[in-house]
Each structure stands twice: as structure tokens, then as C-alpha cells.
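Trainee:
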Amino acid sequence: MTEDTQGDAPQLYLIAPALIPAAELGPVLADVLDAHPVACLRLQGGGGDEQELGRLADLARDLAHARDVAVVIEDHLPLVQRHGLDGVHLTTGARGVRYARKELGADAIIGAFCNGSRHEGMSAGESGADYVSFGPCGPSALGRGEPVGLELFQWWSEMIEVPVVAEGALDAALIGRLWGVADFIAIGPEIWSAPDPAAALAALWAAPREM
Numbered sequence: 001m002t003e004d005t006q007g008d009a010p011q012l013y014l015i016a017p018a019l020i021p022a023a024e025l026g027p028v029l030a031d032v033l034d035a036h037p038v039a040c041l042r043l044q045g046g047g048g049d050e051q052e053l054g055r056l057a058d059l060a061r062d063l064a065h066a067r068d069v070a071v072v073i074e075d076h077l078p079l080v081q082r083h084g085l086d087g088v089h090l091t092t093g094a095r096g097v098r099y100a101r102k103e104l105g106a107d108a109i110i111g112a113f114c115n116g117s118r119h120e121g122m123s124a125g126e127s128g129a130d131y132v133s134f135g136p137c138g139p140s141a142l143g144r145g146e147p148v149g150l151e152l153f154q155w156w157s158e159m160i161e162v163p164v165v166a167e168g169a170l171d172a173a174l175i176g177r178l179w180g181v182a183d184f185i186a187i188g189p190e191i192w193s194a195p196d197p198a199a200a201l202a203a204l205w206a207a208p209r210e211m
């Protein structure tokens with residue numbers, strides 16, 4: 001890659017593993033956060049009881065804030081407020097952005113997953129989202145399951161100022177293609193099943209520099 005392209009390198013947006021007890025999550029999450037400069041950590045909100053989600057939120061907040069990393073959680077506005085998180089990631093697109101902003105205040109981070117819809121992304125931005133997320137980028141059950149084309153990220157990066165996150169079924173080749181057109185690249189499920197998640201992430205993140 002050229003130096004100019006490297007200058008446009010995206011930031012790393014880390015998605016924490018789902019349904020792992022806080023006691024098990026701590027060491028593996030700390031290893032990844034220590035090994036890589038993460039810009040934002042996202043907790044997945046579904047599937048667990050609220051008490052365990054609260055324990056996960058406290059753990060993630062402590063680990064991330066000690067490393068100057070922001071923490072958002074999917075959809076759970078009350079947990080943001082109760083556990084001192086930095087914001088919320090809405091999985092329902094633009095719907096709820098205005099309400100979340102009203103509830104959480106001007107300083108909270110509010111992101112919106114907009115699947116592959118340019119219109120939904122623009123609506124989220126106009127409603128006050130700090131970032132929009134498009135995906136999946138590869139074959140995945142995320143969203144509607146239909147992979148998002150690179151042209152959406154190219155158009156967005158040229159036309160819209162709201163930062164964009166690429167997520168869903170990413171591999172080294174896709175990360176390479178997204179390197180100059182996404183502000184953030186979200187990695188999570190791609191690494192957590194590996195014996196060494198920090199090493200798996202290093203391999204994915206190094207690939208664009210070697211292309």
C-alpha cells in the first residue's frame with residue numbers, strides 16, 4: 001500500500017464476545033486491549049440476564065477506561081446510565097436515535113446499525129448519530145444477511161461526514177478493500193474462537209499493510 005493510503009487507515013472498533021461470564025471475559029479482553037490500539041469497545045446486549053450484563057458492563061468499563069477506550073452497549077439505554085458507559089449502539093437503524101440522544105445527553109456516543117441502507121444511514125446521521133454502521137461485509141446472518149457492497153462505503157466516505165463502521169464476517173481480503181473507505185472496522189466474532197484472539201486480530205489487521 002502507498003503511504004497516502006496508510007494515512008487513511010481506519011481505527012479498530014472491537015466487539016466483545018457474547019454470552020461469556022464476566023470472570024472468563026476479563027483476561028481475554030484485557031489481552032486484546034493491551035495488544036491493539038482499540039478506539040471503541042462494544043458489548044452485545046442480547047441473550048443474557050440483566051444482572052450478568054451489568055457485571056459485564058462494569059468489567060468492560062474498568063478495563064476499557066483504564067486504556068482510554070470508549071465503551072458502548074447494544075440497545076440498553078438504562079445500562080449505559082447505571083454503569084457509566086460512554087454510549088449505546090442501536091441495532092434498529094435510525095429509529096430511536098433521537099430518543100437515545102434525549103435520554104443520554106449531548107456527550108453520549110450514539111451509533112446506529114443501518115444494514116446496507118444508504119437512506120437509513122443518512123436518517124440516522126440527521127437524527128444525531130455519532131456514527132453509522134453498515135454490514136455484513138461478508139456472508140453472515142447479521143442484519144438481513146445480504147453482504148453490503150464496497151461501493152456503499154466508497155460513496156459514504158466521499159459524500160457524508162458522519163463516521164462509518166464496517167462490520168460482519170470480515171476477513172483479511174475484505175479488510176484490505178475497506179482500508180481506505182471505512183473510518184472504523186469492527187472485529188469481534190472473527191477472532192474470539194481462535195486459540196489466541198490477540199494474535200488472530202494482529203494477523204487480520206496486518207494484512208492490508210502487506211497487500
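Residue 198 in full-length UniProt numbering sits at position 198 of the sequence shown; the count goes up by one each step and never skips. All C-beta atoms, glycine included, are put in the ideal place defined by N, C-alpha and C. Since this is a predicted model, take the numbers as computed values, not measurements.
(1) Between Gly84 and the rest of its own chain, which residues show a CB-CB distance below 8 Å, the 5 nearest in sequence each way excluded?
(2) Do the CB positions of Ile15 and Arg42 come within less than 7 Å of each other?
(3) So, at 7 Å on beta carbons, what are the nonlocal neighbours of Val162 in its own chain, with the 5 sequence-adjacent residues on each side left out?
(4) Nearest to Ser193 by alpha carbon, out of Trp205, Asp8, Pro10, Leu25?
(5) With a cut-off of 8 Å, do at least 3 Cβ pairs link the region 29–45 to the region 195–204?
(6) Indicate the three-state DSSP secondary structure (helix, strand or coil) for Leu63 in the structure shown.
(7) If Val88 and Ala100 are in contact, beta carbons under 8 Å, what's the gap, nearest whole angstrom?
(8) At what residues does the beta strand (DSSP E) containing Ile15 begin and finish?
(9) For the beta strand (DSSP E) that contains Ser133, what are its first and last residues?
(10) Which same chain residues end up closer than 7 Å to Ala57 when comparing Cβ atoms and leaving out the 5 residues on each side of it in sequence?
(11) Given this structure, state the Cα-to-Cα distance separating Met122 from Val97, to the nearest angstrom.
(12) Please state whether DSSP places Ala112 in a helix, a strand or coil.
(13) Pull up the distance between the alpha-carbon of Asp49 and that of Gly180, whole angstroms please.
(14) If we ignore side chains and look at the alpha-carbon of each, how far apart do Ile160 and Gly138 end up?
(15) If you follow the beta strand (DSSP E) that Leu90 is in, where does it begin and where does it stop?
(16) Determine the DSSP secondary structure at Leu174, reduced to helix, strand or coil.
(17) Specify, as a first and last residue, the run of the alpha helix (DSSP H) that Val71 falls within.
(18) Can you pull the DSSP bridge partners for Arg42?
(19) Start and end of the beta strand (DSSP E) containing Val165?
(20) Taking 7 Å as the threshold (C-beta atoms), are Leu59 and Ala22 in contact?
Mentor: Concretely, from the data shown:
(1) Exclusion of the five residues before and after Gly84 leaves Arg61 as the residues of its chain whose Cβ lies within less than 8 Å of its Cβ.
(2) Ile15 places its beta carbon less than 7 Å from that of Arg42.
(3) These residues qualify, in order along the chain: Gly125, Ala129, Tyr131, Val132.
(4) The option with the nearest alpha carbon to Ser193 is Leu25.
(5) Flag = yes, the region 29–45 and the region 195–204 touch.
(6) It is helical.
(7) With a Cβ gap of about 6 Å, Val88 and Ala100 count as contacting.
(8) Residues 11–15.
(9) Residue range 131–134 is occupied by the beta strand (DSSP E) that includes Ser133.
(10) By the criterion of a C-beta distance shorter than 7 Å, Ala57 is surrounded in its chain by Leu43, Ile73, Leu79, His83, Leu85, once the five residues flanking it on both sides are discounted.
(11) Each residue's Cα considered, the two are about 12 Å apart.
(12) Reduced to three states, the DSSP call for Ala112 is strand.
(13) Going by C-alpha positions, Asp49 is about 39 Å away from Gly180.
(14) Linking Ile160 to Gly138 through their CA atoms gives a straight-line distance of about 23 Å.
(15) In the DSSP assignment, Leu90 falls within the unbroken beta strand (DSSP E) covering 87–90.
(16) Residue state for Leu174 is assigned as helix, using DSSP reduced to three classes.
(17) Taken as a continuous stretch (DSSP letters only), Val71 belongs to no alpha helix (DSSP H), being part of the beta strand (DSSP E) at 70–74.
(18) In the DSSP output, where bridge partners are listed per residue, Arg42 has Ile15, Val72.
(19) Per DSSP, Val165 belongs to the beta strand (DSSP E) from 164–166.
(20) Cβ distance < 7 Å, so Ala22 and Leu59 count as in contact.
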